[in-house]
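Engineer:
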């Protein structure tokens, strides 16, 4: 054993040869592993290229009908996709046609492990997917510059439109409150004047001059004048008439009759005065109540104006910023906007200063309290002194004359003060009440009401004409059914549309300006942040047909000639979609014409009530615009401005105020109907999974160890290396 150990371990004979053998063995192992590694890398590349080719070939089978809409969707479903994918993948790796020569790799598809999956959440019916494809399509046809120029033309009047919207909406919202307030103030003045007249009518009964003959009582001084005479007579009431001669008895009887008559006259006088006091005080209290109601309406008017200004500023903030960032100058024709701004500021003049109400309430309360403050004993009021007279009447036989005379003096003083206070209240009212609607303004307002009614009838006639076009055709009913499927698929709920209210001029002004505000809010946001929605709107306008005014009858309102209108509104009848577009056209033109009105002299001459003249002018021009657009003519954007727009340009504006989700659902529904293609089944995204294998030439155990260590991707089975590959492809 020692000899063996010495020979092979300690002795150095043959050491070099042994070392060389070991090194050679290691080099052989390294080269063997390296060769297989290179072959594996080559097989992985072949697998990836084959999978990519298979995916491209699969996706090349897109629906040709959708291509006309700039959209791509895989045709044939998952089974056909798997057949194409597998066939192309296997053909790409088929080496049977390569001839009889040495093959460095034998990349072989693994049966049963070649498949492609279509993801349901990436179907063309998905809003994110179709939105992406639409945006990609629009990048190439690029009509946006035309659309942007039209939009920017509207932005150029955004400042004037904001001022006009504030003025119009505030005016329409406050007009009824304003009329109610003025009506109440008119009644306040009338009540004050009636109270003054009642108090004036008491002059003869309270401060009347001159004496009278007993038992006549013309005013309260006569009561004092004849009181002693009356008391003397009633003392003789029980006198013995048998001792009187005929003349004395006749005189006594006459005096007793006069005494009774005196009491009746006093009672009548006091009752008359008391009734007048109550009536006058009732007038004053009613005037005070109406004044407080007018004060509340005044506060409501101020709040409505402030609320509208705040709301409108929010709606136009993006439009204003967009105008500044794009350096859009005023397009001309609108003036400097100072007239509208002046009119807007004049809204504040319609709010009466609170000091007016505070002062007038104080003066009316002072007058009322001098007449009757609740009949509190000891107060210096006409009612208190009247009550005192009533008590004197109850005790008239023994009533001290000086006390009665003193009460008369106080009553006369209170009456004089009450009259002065009422007159002071009337004078203050007439001098400090702001002037409101003149007869001329009221005449123009009446004319505006009639014009609003005429406009309403005109729109109703259009609607009636459209409804007479008949029920929805079967094609449209089918379209609505398809639309419901897409709304359910994408999880969108139909959105209620803002309608133009033509009940009266106030309702029409408010609703029209509301629609316009939403347009400006949207286009400002789009031009500031992202133009994606503008691109989608341009896609709708370029790929679908809008109303053709050259056609008539049922053909004019058929869905094939009103696709854009359907996409915007989706109403139960195709003709109603066109009616809705005309209503929005009316609203926008009304708003623009309202702004234009402030360049007209007779409108500006109406002062703080310019809005009434502006409404009248706008209604008249809007009826004219509706007639022009129905003839298929272009409509001048603004007076003295070389810029006009077609019906399609106005649809471009309106598209901004309709929710994108609802629009896309209708786009998909119409494409579905036109191409007979269910977009919910059109795949745009595939994920392929393949497995191949390659024969290992050397040391499969070491290769397997490298795979388990994560140095190379794959696994070793039966001396073959298996490669798993996933490939993703989308339009």
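In the UniProt record's numbering, the protein residues as written are 1 to 731.
For every residue, glycine included, the Cβ atom is placed at its ideal position computed from N, Cα and C.
For residue 215, which of helix, strand or coil comes out of DSSP?
Structural biologist: Reduced to three states, the DSSP call for residue 215 is coil.
Engineer: Among the candidates 727, 541, 626, whose CA atom is the shortest distance from the CA of residue 648?
Structural biologist: Among 727, 541, 626, the Cα nearest to that of residue 648 is on 541.
Engineer: Measuring only the C-alpha atoms, how far is residue 124 from residue 677?
Structural biologist: Their Cα atoms are separated by approximately 11 Å.
Engineer: Starting from residue 539, follow the beta strand (DSSP E) in both directions and report where the run begins and ends.
Structural biologist: Taken as a continuous stretch (DSSP letters only), residue 539 belongs to no beta strand (DSSP E), being part of the alpha helix (DSSP H) at 532–543.
Engineer: Exposed or buried, residue 611, counting other C-beta atoms within 10 Å across all chains shown (16 or more means buried)?
Structural biologist: Flag for residue 611 reads buried.
Engineer: Pick out whichever of 290, 70, 284, 352 has its Cα sitting closest to the Cα of residue 298.
Structural biologist: Residue 298 has its Cα closest to that of 352, out of 290, 70, 284, 352.
Engineer: Got a sec? Which residues, its chain only, sit under 8 Å from residue 225 by beta carbon, not counting five neighbours each side?
Structural biologist: If we look at residue 225 and ignore the five residues flanking it on each side, its Cβ neighbours are 211, 212.
Engineer: Are the beta-carbon atoms of residue 43 and residue 694 separated by less than 8 Å?
Structural biologist: Result yes, Cβ atoms of residue 43 and residue 694 sit closer than 8 Å.
Engineer: Specify whether the stretch 165–178 and the stretch 397–404 touch according to this definition: at least 3 beta carbon pairs, one from each stretch, less than 8 Å apart.
Structural biologist: The answer is no - the stretch 397–404 does not touch the stretch 165–178, with fewer than three Cβ pairs under 8 Å.
Engineer: Between residue 476 and residue 559, is the Cβ-Cβ spacing less than 8 Å?
Structural biologist: Contact flag set, yes.
Engineer: Following the continuous alpha helix (DSSP H) through residue 197, name the residue where it begins and the one where it ends.
Structural biologist: Where residue 197 is concerned, the enclosing alpha helix (DSSP H) stretches over 158–201.
Engineer: Going by beta carbon distance, what residues of the same chain come within less than 6 Å of residue 234, once the five residues before and after it are set aside?
Structural biologist: Counting only Cβ-Cβ distances below 6 Å, and skipping sequence neighbours, we find 259, 397.
Engineer: Could you tell me which of 262, 25, 561, 161 sits nearest to residue 574, measuring between CA atoms?
Structural biologist: Of the listed residues, the one whose Cα sits closest to residue 574 is 561.
Engineer: What do you get for residue 684, buried or exposed, if any count of 16 or more other CB atoms within 10 angstroms of its CB means buried?
Structural biologist: Under this definition residue 684 is a buried residue.
Engineer: Go to residue 84, then tell me how far its alpha helix (DSSP H) extends in each direction, as first and last residue.
Structural biologist: Residues 77–93.
Engineer: Under three-state DSSP, which class holds residue 673?
Structural biologist: If DSSP states are grouped into helix, strand and coil, residue 673 belongs with the helices.
Engineer: Identify, in the order they occur along the chain, each residue of the same chain with its Cβ nearer than 8 Å to the Cβ of residue 135, setting aside the five sequence neighbours on each side.
Structural biologist: Same-chain partners within the cutoff: 532, 535, 536.
Engineer: For the alpha helix (DSSP H) holding residue 574, just list the boundary residues, first then last.
Structural biologist: That run of the alpha helix (DSSP H) goes 574–597.
Engineer: Checking 8 Å against the spacing of the C-beta atoms, do residue 280 and residue 195 come in under that value?
Structural biologist: Cβ atoms of residue 280 and residue 195: closer than 8 Å.
Engineer: Please report how far the alpha carbon of residue 345 lies from the alpha carbon of residue 513, in whole angstroms.
Structural biologist: Taking the straight line joining both Cα atoms gives about 18 Å.
Engineer: Distance, Cα to Cα, residue 221 vs residue 205?
Structural biologist: Each residue's Cα considered, the two are about 9 Å apart.
Engineer: Assign residue 600 to one of three DSSP states: helix, strand, or coil.
Structural biologist: It is coil, neither helix nor strand.
Engineer: Identify the continuous beta strand (DSSP E) that holds residue 560 and give its terminal residues.
Structural biologist: Premise fails: residue 560 is in no beta strand (DSSP E) and is neither H nor E.
Engineer: For a minimum of 4 consecutive residues, which ranges assigned as the alpha helix (DSSP H) are wholly contained in the stretch 337–361?
Structural biologist: As far as the stretch 337–361 is concerned, its whole alpha helix (DSSP H) runs of at least 4 residues are 338–346.
Engineer: In the structure shown, what three-state DSSP assignment does residue 606 receive?
Structural biologist: Reduced to three states, the DSSP call for residue 606 is coil.
Engineer: Just confirm the distance between the C-beta atoms of residue 414 and residue 372, as a whole number of angstroms; I'd bet it's less than 8 Å.
Structural biologist: Not quite, the Cβ-Cβ distance comes to about 10 Å (not below 8 Å), so this is no contact.
Engineer: Using the beta-carbon count (16 or more within 10 Å), is residue 711 buried or exposed?
Structural biologist: Exposed, because fewer than 16 other Cβ atoms sit within 10 Å of the Cβ of residue 711.
Engineer: For residue 639, does the three-state DSSP call read helix, strand or coil?
Structural biologist: The answer is coil: DSSP assigns residue 639 none of H, G, I, E or B.
Engineer: Would residue 615 pass as a contact of residue 594 if the rule is Cβ separation under 8 Å?
Structural biologist: Their beta carbons are under 8 Å apart, which means residue 615 touches residue 594 by this criterion.
Engineer: Per DSSP, which one or two residues make a beta bridge with residue 685?
Structural biologist: Answer is 730, bridged to residue 685.
Engineer: Suppose contacts are defined by Cβ-Cβ distances below 8 Å. Is residue 682 in contact with residue 66 by that definition?
Structural biologist: Yes.
Engineer: So, at 6 Å on beta carbons, what are the nonlocal neighbours of residue 539 in its own chain, with the 5 sequence-adjacent residues on each side left out?
Structural biologist: The residues are 134, 138.
Engineer: Specify whether the stretch 108–119 and the stretch 665–680 touch according to this definition: at least 3 beta carbon pairs, one from each stretch, less than 8 Å apart.
Structural biologist: At 8 Å Cβ cutoff, the stretches do not touch.
Engineer: Which full runs of the alpha helix (DSSP H) of 4+ residues lie inside the stretch 379–419, going along the chain?
Structural biologist: Those alpha helix (DSSP H) runs which fall completely within the stretch 379–419 and span 4+ residues are 382–394.
Engineer: For residue 722, name the three-state secondary structure that DSSP assigns.
Structural biologist: In this structure, residue 722 counts as strand in the three-state DSSP scheme.
Engineer: How close, in whole Å, do the beta carbons of residue 555 and residue 117 come, if the pair is a contact with beta carbons under 8 Å?
Structural biologist: So it is not a contact: roughly 46 Å between Cβ atoms.
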